[in-house]
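Protein chains in written order, with the working numbering: chain V, 1026 to 1317; chain A, 20 to 256. Below: the structure, in structure tokens.
Dropping the structure here:
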């Protein structure tokens, strides 16, 4: 029982990170119908930048804020320079472009920083706590993961539901042509969507990196789990990203705990297949367009 | 008095000529009905005026402004509102959010609330449903919302694409009456694309009949409505 509880808690923490990655994918897919394969690699580059900032002797939190700012900027620039020219082309162009960008970024990171593993600190202890006499596997860092991802989701929710900017962003996502006819300037909103998605990716990367290590491909696996979560939850639903992330995190934790860690990637693929068979549009996808 | 002038407008989709050399002039305080069969190019005409489709040749001027070079967003900001075909309200948003979206670029704060209240007064069923999702509305209410969302920015030119499509005759009649009054009261330039020629002609001052992308008739609405051969040949009634 205690073992089950421990791996479940671990699964929740991991699931939240996966949810943050999925949220980034969802934000971009919703706004531009593009699946951004470079999401993880962009966050990886930004993490190297954060590492460099951290080693100037600044505080963890200052480095975090700088990293988020760099992420926002990076996302905007990528949308502006790479994505805009192919926006109205076939979706295959975007897939090839973002996938190529992923390989390019990992190559650049390898060329600059080499493949030596670096360690990136966590802001809180990563060791489990004693609750009375029982040891539980939920560390203060896990609590921080939970809180920070929920905060990110909360900020997104307020932005989309309660502000005029969010109203415009939703309009562009759901009905781009109707939005333009109502005077919404679409391009800046698309840039903003990419910026926010990149920031979500950076947050996820900084939550992953203390327990893995900083290498050019440290985001690859988590990106695959992020895709799994986005497919399970629905590629165009932010709530789906959160729930999909938790489902993915828990499934992987249980499979890893009872059947062995090497089966985790296979479990993710199984989850994708089952989800595509039962509910291909995802749990929280919007209803298919209806014509009256 | 400003007018909307379309001069020699031609549009192609690849090798297909959707519009060739279309010209007409729509006046303030008048409804110009654009009539014709399916595929005649009526929707393309409206989409070209708002910039969603680029013309190959010709000009669209409103007052002294050349619209054909502008982006959709700029054209909207020059006072042109387009109600697209199929009541393209945003289902995922509430009635109020749909309306607010239409007013955002033009009005702030109290002024925005005031223009939205005007629309609710014009279409009372919308006021009762302001917190509901647009997906729950009936066909007539969706059309009201679609038109209200265009009117909330206080346009000077209103382009309507098949507003009567799929509506009960009594709803269509009520909608046409509202449109006629609005056109006169707000000195709107209305371009009304319709398959339902009879109801469009009942409120229009001018009629433009398009066939296979060309203007075949551009006359007083009353003349067109009175010419039974013409009606029979092009308008099917």
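Note that CB positions come from ideal geometry on N, CA and C, so glycine has one too.
Which residues of the segment 1172-1204 of chain V have a Cβ closer than 8 Å to any Cβ of chain A? Give them in chain order.
1189, 1192, 1193, 1195, 1196, 1199, 1200, 1202, 1203, 1204
Helix, strand or coil for residue 1220 (chain V), going by three-state DSSP, please let me know.
helix
Can you give me the Cβ contacts of residue 1216 (chain V) inside the same chain, cut-off strictly under 7 Å, excluding the 5 residues immediately before and after it?
1101, 1104, 1105
Can you tell which of A:174, A:110, A:147 has its C-alpha closest to the C-alpha of residue 99 (chain A)?
A:174
Taking CB distances under 8 Å as the criterion, tell me whether residue 1207 (chain V) reaches chain A.
yes
With three or more C-beta pairs closer than 8 Å as the rule, is the segment 162-172 of chain A touching the segment 102-118 of chain A?
yes
Along the alpha helix (DSSP H) that carries residue 1042 (chain V), what are the first and last residues, could you check?
1027-1057
With a threshold of 8 Å between beta-carbons, can residue 172 (chain A) be considered close to chain V, or not?
yes
DSSP puts residue 31 (chain A) in a beta bridge; with which residues?
A:36
Any beta carbon of chain A sitting closer than 8 Å to that of residue 1055 (chain V)?
no
In chain A, which residues lie less than 8 Å from residue 1210 (chain V) when you measure between Cβ atoms?
92
May I have the straight-line CA-CA distance separating residue 1034 (chain V) from residue 130 (chain A), to the nearest angstrom?
51 Å
Secondary structure of residue 251 (chain A), DSSP reduced to three states:
helix
Assign residue 252 (chain A) to one of two classes, buried (16 or more other C-beta atoms within 10 Å of its C-beta) or exposed (fewer than that).
exposed
At which residues does the alpha helix (DSSP H) containing residue 1289 (chain V) begin and terminate?
1289-1303
For the segment 217-231 of chain A and the segment 41-56 of chain A, state whether three or more C-beta atom pairs, one from each stretch, are separated by less than 8 Å.
yes
Assuming residue 239 (chain A) is part of the alpha helix (DSSP H), what are its boundary residues?
Taken as a continuous stretch (DSSP letters only), residue 239 (chain A) belongs to no alpha helix (DSSP H), being part of the beta strand (DSSP E) at 233-239.
Can you have a look at residue 1159 (chain V) and say buried or exposed, based on whether 16 or more other CB atoms are within 10 angstroms of its CB?
exposed
Between residue 1230 (chain V) and residue 1244 (chain V), how many whole angstroms is the CB-CB distance? I'm expecting something under 8 Å.
6 Å
Can you tell me which residues form a DSSP beta bridge with residue 230 (chain A)?
A:233
Grouping DSSP H, G and I as helix and E and B as strand, with all else coil, what is residue 1081 (chain V)?
coil
Per-residue DSSP class, three states only, for residue 1250 (chain V)
helix
State the Cα-Cα distance for the pair residue 177 (chain A) and residue 26 (chain A), rounded to the nearest angstrom.
18 Å
Return the CA-CA distance between residue 1036 (chain V) and residue 117 (chain A), expressed in angstroms with no decimal places.
40 Å
With H, G and I counted as helix, E and B as strand and the rest as coil, what does DSSP make of residue 1229 (chain V)?
helix
Return helix, strand or coil for residue 61 (chain A), following the three-state DSSP convention.
helix
So is residue 103 (chain A) in contact with chain V if we call contact Cβ pairs under 8 Å?
yes
Chain V partners of residue 119 (chain A), CB-CB under 9 Å?
1189, 1192
Between residue 86 (chain A) and chain V, is any beta-carbon pair separated by less than 8 Å?
no
Between which two residues does the alpha helix (DSSP H) holding residue 1202 (chain V) run?
1201-1206
State the DSSP-derived secondary structure class of residue 266 (chain A), mapped to helix, strand or coil.
Residue 266 (chain A) is absent from the model: chain A starts at 20 and stops at 256.
Going by DSSP, name the residue or residues bridged to residue 1143 (chain V).
V:1239
Would you mind reading off the limits of the alpha helix (DSSP H) that contains residue 132 (chain A)?
128-141
Spatial distance of residue 70 (chain A) from residue 181 (chain A) (CA atoms):
19 Å
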